[in-house]
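S.K.: Going by this note's numbering, the sequence shown opens with residue 205, and the numbers climb by one from there.
Got a structure for you, written out below as structure tokens; questions coming shortly.
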Amino acid sequence: MQDQTTGSRKGRAAGKGHEANVDLIAVVAAIAKGEPRVLTIRLANALPSGPFELGRRPLQSGLRAWVEHQTGHRLGYIEQLYTFADRDRIGDERQQRVNSISHLALTREDQAANWPKRSWRSWYDYFP
Numbered sequence: 205m206q207d208q209t210t211g212s213r214k215g216r217a218a219g220k221g222h223e224a225n226v227d228l229i230a231v232v233a234a235i236a237k238g239e240p241r242v243l244t245i246r247l248a249n250a251l252p253s254g255p256f257e258l259g260r261r262p263l264q265s266g267l268r269a270w271v272e273h274q275t276g277h278r279l280g281y282i283e284q285l286y287t288f289a290d291r292d293r294i295g296d297e298r299q300q301r302v303n304s305i306s307h308l309a310l311t312r313e314d315q316a317a318n319w320p321k322r323s324w325r326s327w328y329d330y331f332p
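Listed below in structure tokens is the structure:
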């Protein structure tokens, strides 16, 4: 480890001034009756998501766990879409930068009635 310069790895490893929160977000898509659908939570106001936990590898296993926990739906195919890490994405504590890693999951719409906090909605309600 370098420690002779102000930009040392040692300082970065300790998290000094470089803290960030990482959220995992899932766009779970299915086709039902010829229409694209998306899986939502919280009265159709949010997509399944949760914080990245350092103990999980790879990222996709953490995402799968959050989606299944929040919706009861197991995911098949997952592809990383985009990482949002702009400077204006600051967390609640104003000292932590928020990074969001979004994924697309392709699946089949299921009709599990025992998960009242989730719903399948028209893709066009959210994406033009």
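A virtual CB, placed ideally from N, CA and C, is assigned to each residue, including glycine.
#1: Over the uninterrupted alpha helix (DSSP H) stretch that includes ALA309, give me the two end residues.
#2: Specify, as a first and last residue, the run of the beta strand (DSSP E) that GLU272 falls within.
#3: Can you tell me whether PRO332 is buried or exposed, with buried defined as 16 or more other CB within 10 angstroms of its CB?
#4: Give me the residue from TYR286, LEU243, GLY276 and PHE256 with the minimum Cα distance to VAL231.
#5: Alpha carbon to alpha carbon, what distance is there between GLU283 and PHE256?
#6: Where does PRO262 land, buried or exposed, given buried means 16+ other C-beta within 10 angstroms?
#7: Specify the secondary structure class of TRP324 as computed by DSSP and reduced to three states.
M.R.: Reading it off the structure:
#1: Position 105 of the sequence shown holds residue 309. No alpha helix (DSSP H) holds ALA309; the beta strand (DSSP E) holding it covers 301-310.
#2: Counting from 1 along the sequence shown, the entry for residue 272 is found at position 68. Unbroken run through GLU272 is the alpha helix (DSSP H), 263-275; no beta strand (DSSP E).
#3: The residue labelled residue 332 in the question sits at position 128 within the sequence shown. Counting Cβ neighbours within 10 Å, PRO332 comes out exposed, since fewer than 16 surround it.
#4: Taking the sequence shown and counting its residues from 1, one reaches residue 231 at position 27. Nearest C-alpha to VAL231: LEU243.
#5: Residue 256 sits at position 52 when you count from the first residue of the sequence shown. Residue 283 sits at position 79 when you count from the first residue of the sequence shown. Their Cα atoms are separated by approximately 16 Å.
#6: Translated into the one-based positions of the sequence shown, residue 262 becomes position 58. Looking at its Cβ environment, which holds fewer than 16 other Cβ atoms inside 10 Å, PRO262 is exposed.
#7: The residue you call residue 324 lines up with position 120 of the sequence shown. TRP324: strand per DSSP, three-state reduction.
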